[in-house]
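First comes the structure, then the notes that go with it.
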Amino acid sequence: MAPATATAIETSIILPPHFVLVPLIGQGHTIPMSDLACLLAGRGARVSLVTTPVNAARLGGVADRARRAMLPLEIVELPFPSADDGLPTGSTASVDSFLRLFLDLYRLAGPLEAYVRALPQRPSCIISDACNPWTAGVARSVGVPRLFFHVPSVFYSLCDLNVATYGKDDHNASYVVPGMPVRVEMTKETWSSSFYTTPEWEQFTKEAREGMRSADGAVMNTFLGLEQQFVTSYEAALGKPVWALGPFYLGNRRDEDAIHQSTVTAWLDKMDKDTVIYVNFGSLVQMPPKQLYEVGHGLEDSGKPFLWVVKESETALPEAQEWLQALEARTAGQGLILSGWAPQLAVMSHHAVGGFMTHCGWNSLLESIAHGVPVVTWPHFSDQFLNERLVVEVLGVGVPLMPSGNNRAVMRGHIARAVSELMGDGEVAEERRRKCKDYGERAHAAVAKGGSSHENLTRLLQSFMPSGSKEL
């Protein structure tokens, strides 16, 4: 028999698919994208998580975890022509500053294309954040398929797409979003808070929607047991596959500060089951002192045990620090106040936590639902208002802090009422808890072998595998 030729040997080697992931800078976007990277790598795919130097430094824990697990995952730094390549935080955050950064990121198109072209083999697929529409041109230029990842719920994404497709009625105070499988009525005020309406933002969102429409499909951090009717409708509206693979984080084990975690869990261990309300408004919501005081007094007046995360920037003023210290002294047996950060997954999974007051960011809502913890909803901007509608009106697992579309200042009475309603007894509260526990069980079933998200991930991987290769 003649010896195998070099060509025959080369063609007998089947490489796994290679995904290049391009997250949007910012904790709420980078964390789920890094979870997705670990999911793909955990099933044998090669993954390159591409970002700026500053954001790459924040992903050190992801890289360490991948090395320990021997996952084929690398963090790739692209040169960025600015030392300030992170999202604005605290008092520097504003709508305009976000838009400036989003537009600055267009300058990564050249470095990304150069990276892809320098690879020994063309990658199988680019998965980019929907807020990185500039990746569409890169994918076309290098001839690589592209999927978009959209951070919010599919419910929000479908509302956004349908309004862009069918238009909205600007003449009335409220209107019904067209093309939805359930009735969704919105006020002008809520819509303006959900979708920024300046000419510059409208141009950016137009480009983002065009980037989604031109993609080869979508990857969403949800599961069919939660949003199946909206996934089906979104897939039909887009005319391309929508891969529901979530909750992403359930397929990964994130590292959390062990010392900080032990302090928190030691306090929670002293509390009875389902009695603690956890309060955290995410990384971007910034409360002025007067609003902070109302939250604190409301939690105190509720009489319920609480675990409250307060940003360091929110207590920068001496009077705010003094007020917080006085509150801590008064509620020493009732509450625990953390500065800056909490090990959220450890908190959510603790038996003492029975409720979560949230800004309605989708990552936080999904973590809460997956742990069977119902929520008090307090949306502040962007997709959060429609995420609230989903969990309160459709899923039935939330209590709104304020009526939908009401932009009045939140007072301590609103806080105390909502906490008491969520954490109280009675048939309605028990039914809310039952529903949330059921969705939590569905979430874990979805990511288990044979579950909908696990099987969708299998199909996604297979669709980008070379023909004749083995299943990952």
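In terms of the UniProt record's numbering, the sequence shown opens at residue 1 and continues consecutively.
Glycine is no exception: its CB is placed at the ideal position from the N, C-alpha and C atoms.
Given the structure is predicted, the values throughout are model-derived calculations rather than measurements.
Open item on the list: Pop quiz: E312 and G340 are said to be a contact at Cβ under 8 Å. What is the actual Cβ separation, rounded to whole angstroms?
Closed with: 5 Å
Task: Identity of the residue in P318, G303, Y166, E388 nearest R330 by Cα - done: G303
Open item on the list: For M33, report the span of its alpha helix (DSSP H) as first-last.
Closed with: 27-42
Task: Residue range of the unbroken beta strand (DSSP E) whose run includes P400 - done: 398-400
TODO: Inspect the CB distances between the region 62-75 and the region 96-109 and report whether three or more fall short of 8 Å.
DONE: Flag = no, the region 62-75 and the region 96-109 do not touch.
Open item on the list: Looking at P32: is its Cβ nearer than 7 Å to the Cβ of N280?
Closed with: no
Open item on the list: I want to know whether the region 415-434 touches the region 311-326 - three or more CB-CB distances under 8 Å.
Closed with: no
Task: Between the CA atoms of A416 and E300 - distance to the nearest angstrom - done: 8 Å
- [ ] Classify P374 as buried or exposed, calling it buried when 16 or more other Cβ atoms lie within 10 Å of its own Cβ.
- [x] Buried, by the Cβ-count rule.
- [ ] Could you tell me which of L307, T187, S214, L161 sits nearest to R140, measuring between CA atoms?
- [x] S214
Task: Short Cβ contact (7 Å threshold) for T265 with G354 - done: no
Open item on the list: Using a 10 Å radius around the Cβ and a threshold of 16 neighbouring Cβ atoms, would you call G333 buried or exposed?
Closed with: Exposed, by the Cβ-count rule.
- [ ] Classify Y156 as buried or exposed, calling it buried when 16 or more other Cβ atoms lie within 10 Å of its own Cβ.
- [x] buried
Task: Between the CA atoms of M357 and E421 - distance to the nearest angstrom - done: Answer to the nearest angstrom: the Cα atoms are 12 Å apart.
Task: Same chain, Cβ closer than 7 Å to T252, five either side skipped, listed in chain order - done: Thr is not the amino acid found at residue 252; the sequence shown has Asn there. Here the set comprises D35, C38, L39.
Open item on the list: For a test of the three-state rule: what should DSSP assign to H18, helix, strand or coil?
Closed with: strand
TODO: For the beta strand (DSSP E) containing residue 476, list its first residue and its last residue.
DONE: The structure shown does not extend to residue 476, since the chain spans only 1 to 472, so no value can be given for it.
Open item on the list: I'd like to know whether the C-beta atoms of L147 and G217 end up nearer to each other than 7 Å.
Closed with: yes
- [ ] Report the residue from I127, G42, A236, S174 whose alpha carbon sits nearest the alpha carbon of F149.
- [x] I127
Open item on the list: Let's see if you can read the secondary structure: which residues bound the alpha helix (DSSP H) around N280?
Closed with: Per DSSP, N280 belongs to no alpha helix (DSSP H); it is in the beta strand (DSSP E), 276-280.
TODO: Take L15 as the anchor and find which of R46, K270, T190 has the nearest alpha-carbon.
DONE: R46
Task: Proximal residues to Q261 (C-beta, below 6 Å), its chain only, five neighbours per side dropped - done: Beyond the five residues adjoining it in sequence on each side, Q261 comes within less than 6 Å, by CB distance, of P343, A346 in the same chain, given in chain order.
Open item on the list: Check whether the region 177-186 and the region 242-249 are in contact - that is, three or more C-beta pairs closer than 8 Å.
Closed with: Not touching, per the Cβ criterion.
- [ ] For the beta strand (DSSP E) holding M357, just list the boundary residues, first then last.
- [x] 353-358
Task: Sequence-distant residues of its chain with Cβ nearer than 6 Å to N221 (five each side left out) - done: These residues qualify, in order along the chain: P32, G246, F248.
TODO: Could you pull out every residue in the same chain whose Cβ sits closer than 6 Å to the Cβ of V285, ignoring the five residues on either side in sequence?
DONE: H359, H380
TODO: With DSSP collapsed to three states, give me the class of T377.
DONE: strand
Open item on the list: Going by beta-carbon coordinates alone, are P111 and L78 separated by less than 7 Å?
Closed with: yes
TODO: Assign F80 to one of three DSSP states: helix, strand, or coil.
DONE: coil
Open item on the list: My parser needs the beta strand (DSSP E) runs of 3 or more residues fully inside the region 104-153; what are they?
Closed with: Taken in chain order, the complete beta strand (DSSP E) segments of 3 or more residues contained in the region 104-153 are 125-129, 146-150.
Open item on the list: Measuring only the C-alpha atoms, how far is G451 from W323?
Closed with: 49 Å
- [ ] Over the uninterrupted alpha helix (DSSP H) stretch that includes S313, give me the two end residues.
- [x] Unbroken run through S313: none, as it is neither H nor E.
Task: C-beta contact flag for L268 and A352 at 7 Å - done: yes
Task: Rounded C-alpha distance that separates P120 from T263 - done: 48 Å
- [ ] Check each candidate in I75, G335, V54, L101 and name the one with the smallest Cα separation from residue 493.
- [x] The structure shown does not extend to residue 493, since the chain is modelled only from 1 to 472, so the question has no answer here.
Task: Y439 versus R43, H454, L365, G424, residue with shortest Cα-Cα distance - done: It is L365.
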